[in-house]
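Reading the sequence shown from the start, the letters are residues 1 to 422 in the UniProt record's numbering. Here the structure is laid out as structure tokens; the discussion comes afterwards.
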Amino acid sequence: MIATHAPKMYSPRLKQPALRARVVAPEADAITSATTRLRQELWAAPINGADMAAVRQERDTLADAWPDTFLPPIVDPGIKQVLVPASDWRADEYVATSPVASMGLTHELYQRLKEQQMPYLRWRVQPIPAALSNHGETLAVQGGSVRLLRRGVAEISGDTRFRSDAPAVVLSGRVERMNVSGGMLSIGWPAITAIGGLVHAIERKTGEDLEFAFALDDIQWIASGLHTVSRGSNPLPPRSQSGGVRSGQVYGVVAPAPGYKRDEIQANGHFSLLLRGARDIDAVARELSAVTRLAGGSVFDAAVTVIRPGAVFAAQAFLIDASSELRRRAPGMDALDAALAAYGRDGSWTDGQWFQPRNGYTINATGYAWLEEPQPRKNVRGNYPHAWSESAFSLVTQGGLTSAAWWRRHAGPHGIRWRGAA
1 MIATHAPKMY
11 SPRLKQPALR
21 ARVVAPEADA
31 ITSATTRLRQ
41 ELWAAPINGA
51 DMAAVRQERD
61 TLADAWPDTF
71 LPPIVDPGIK
81 QVLVPASDWR
91 ADEYVATSPV
101 ASMGLTHELY
111 QRLKEQQMPY
121 LRWRVQPIPA
131 ALSNHGETLA
141 VQGGSVRLLR
151 RGVAEISGDT
161 RFRSDAPAVV
171 LSGRVERMNV
181 SGGMLSIGWP
191 AITAIGGLVH
201 AIERKTGEDL
211 EFAFALDDIQ
221 WIASGLHTVS
231 RGSNPLPPRS
241 QSGGVRSGQV
251 YGVVAPAPGY
261 KRDEIQANGH
271 FSLLLRGARD
281 IDAVARELSA
291 VTRLAGGSVF
301 DAAVTVIRPG
311 AVFAAQAFLI
321 DASSELRRRA
331 PGMDALDAAL
341 AAYGRDGSWT
351 DGQWFQPRNG
361 YTINATGYAW
371 LEEPQPRKNV
381 RGNYPHAWSE
391 SAFSLVTQGG
401 LTSAAWWRRH
411 AGPHGIRWRG
421 AA
């Protein structure tokens, strides 16, 4: 299969064919394969890794020709499907979208971070050379690794006064094993799509249209431990009360799983999620108090409060939309280069160490860009219209609780994005 997007890049056990398509309606302030000049757009992505050489040879014969678009049916139940509101969510107008990694964009970031001598985290997706072809050509030529922008949580000093015309509901607490891979192009913050999905779940339960702000502090990245999946009541032999093994009963089955996470990087720390725009503050507070999961992590020591305009809020780093800088980029510069210029601003290498005072720029997955118009398709969640998509990334930075810290969902005919509400 000659493709542009590979479902198997991070999940090699999927039997889902790869895609060959382009973003339907590129947005200038988003980082996608359509707003980045790719040195290679078409890649070999066979279902069976043993066919890699043949598919690469077939791809090489195409030269600059673009083959027909190919958007396969859903054949693997493990393929991710995200329900997103298309327009009027109260009228149950949703699209089930399956975001798939762009091989060209992943490789472009991999190359440019090294070429431009930017700091990065090298994340090993597949450590076994013989298995690289199962992930597609991109990871095969990259030695089984990807390079990610690395950006920790900024230190914000001084308390912030909450300036708003209406109160906000705050969920604060500690989160453990939160996914901070940011769409597998960056590490340090959870994807805005994950936070926005939680907020929309609260909107559905309360009937409110909400804006949100999200902050972190005291974050520690952690390594994923070796884990196993137990099928059956007990992986040990069942025993009677006397301690003897019960005859005629089978052992529980233990299925070992890899000790590394392919598409998830985790962290522990403290967070604050602020919601505003509600008419019924109490209803939103009740739903927030029931939240136990955040961006794939578990929430502990949660507290829900209501803050009024003028209240003093403790210093934390809020994620801020900086997409306007991409819209103002120089002629001839693509979106990825503009984002990398902001990411590396005022930084330098000294004695092998990267020094960069007061820079919070990175990129974050903030939406989905359709690769096709939503359409009926078999095996779709809830029988909603389905669209294959590519994650859309925004340039973001960090700061205190100001008007720029608030996010709002924007749904359109060609995708969905969370943008700064200011």
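Glycine included, C-beta positions come from ideal geometry on N, C-alpha and C.
- Tyr10 is the residue among Tyr10, Arg408 and Arg358 whose C-alpha sits nearest the C-alpha of serine 181.
- In this structure, Ile363 is the residue among Trp354, Pro331 and Ile363 with its C-alpha nearest to the C-alpha of alanine 339.
- The beta carbon of alanine 215 sits closer than 7 Å to those of Phe271, Ser272, Gln316, Ala317 and Phe318, all from its chain and outside the five residues before and after it, given in chain order.
- Following the DSSP letters along the chain, one finds tyrosine 94 inside the beta strand (DSSP E) bounded by residues 94-99.
- The Cβ atoms of valine 100 and alanine 387 do not sit closer than 7 Å to each other.
- A Cβ-Cβ separation of about 7 Å places aspartate 280 in contact with glutamate 208 under the 8 Å criterion.
- If you draw a straight line from the Cα of arginine 358 to the Cα of aspartate 217, it is about 15 Å long.
- A residue is called buried once 16 or more other Cβ atoms fall within 10 Å of its Cβ, and glutamine 398 is buried on that count.
- DSSP places arginine 122 in the uninterrupted beta strand (DSSP E) bounded by 121-124.
- DSSP lists His270 as the bridge partner or partners of aspartate 217.
- Contact holds between the region 28-48 and the region 123-143, because three or more Cβ pairs, one in each stretch, are under 8 Å apart.
- Linking aspartate 301 to glutamine 266 through their CA atoms gives a straight-line distance of about 19 Å.
- Scanning Ala65, Thr402, Leu121 and Lys15 for the CA closest to the CA of isoleucine 156 turns up Thr402.
- Linking arginine 151 to leucine 171 through their CA atoms gives a straight-line distance of about 24 Å.
- Leucine 336 places its beta carbon 7 Å or farther from that of isoleucine 2.
- Between the region 339-355 and the region 375-385, the count of Cβ pairs shorter than 8 Å is below three; the stretches do not touch.
- Note: threonine 36 is not bridge-paired with any residue in the DSSP secondary-structure output.
- When the beta-carbon positions are compared, serine 145 and arginine 124 come within less than 7 Å of each other.
- Between alanine 404 and the set Pro67, Ser164, Ala54 and Gly49, the nearest pair of CA atoms involves Ser164.
- For secondary structure counted as the alpha helix (DSSP H) over 4 or more consecutive residues, the region 160-208 holds these complete runs in sequence order: 192-206.
- Here DSSP, grouped into helix, strand and coil, assigns threonine 292 to coil.
- Scanning Gln142, Trp189 and Pro85 for the CA closest to the CA of histidine 200 turns up Pro85.
- Distance from the CA atom of proline 17 to the CA atom of proline 7, rounded to whole angstroms, is 7 Å.
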